[in-house]
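Here's the structure we're looking at; comments come further down.
Numbering (the numbering used here), first residue to last: 2 to 141.
Have a look at this one:
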């Protein structure tokens with residue numbers, strides 16, 4: 002009885018699968034795996050960045066594929082970089098650039114405090130000066 006039931010199911014499966022091309026039967030599972038992986042990647046991006054950032058990132062990335070848009074964005078970035086680099090002449094010309102061979106004395110701290118008092122307020126420009134404590138709480 003079991004072999005009769007098994008033979009019946011086998012015949013039903015064969016008749017169902019005979020409707021399709023063999024190539025289709027081989028490609029369909031592979032395509033399903035690729036689509037499942039793509040969906041998993043999209044869900045991971047949305048979980049990591051959020052819906053709004055993921056959609057905006059996709060739209061901006063798609064827009065950058067157009068050559069004229071990419072050139073325009075690159076030109077605007079270069080303008081900003083040039084503006085930042087041209088207008089940020091350091092007022093700390095008298096500072097030493099190498100470590101001294103011997104101690105520099107007590108006047109160094111006072112000189113640094115004076116330079117800090119004379120320093121312009123940070124106006125959103127790039128700065129290589131690190132002061133205070135960084136994000137991990139390490140004293141700089």
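We put the CB at the ideal spot given by N, CA and C, even for glycine.
When secondary structure is reduced to three states using DSSP, residue 21 falls in the coil class, being assigned neither helix nor strand. In the structure shown, residue 120 adopts coil according to DSSP, grouped into three states. Nearest neighbour of residue 61 by Cα position, chosen from 112, 22, 46 and 74, turns out to be 74. Here DSSP, grouped into helix, strand and coil, assigns residue 66 to coil. Pairing residue 44 with residue 55 gives a Cβ-Cβ distance that is not under 7 Å. Just so you know, the alpha carbons of residue 115 and residue 79 end up roughly 35 Å apart. Shown here, residue 106 sits in coil according to DSSP, grouped into three states, outside any helix or strand. Straight-line measurement puts the Cα of residue 87 at about 30 Å from the Cα of residue 67. About 6 Å separates the beta carbons of residue 26 and residue 18, which is inside the 8 Å limit, making them a contact pair.
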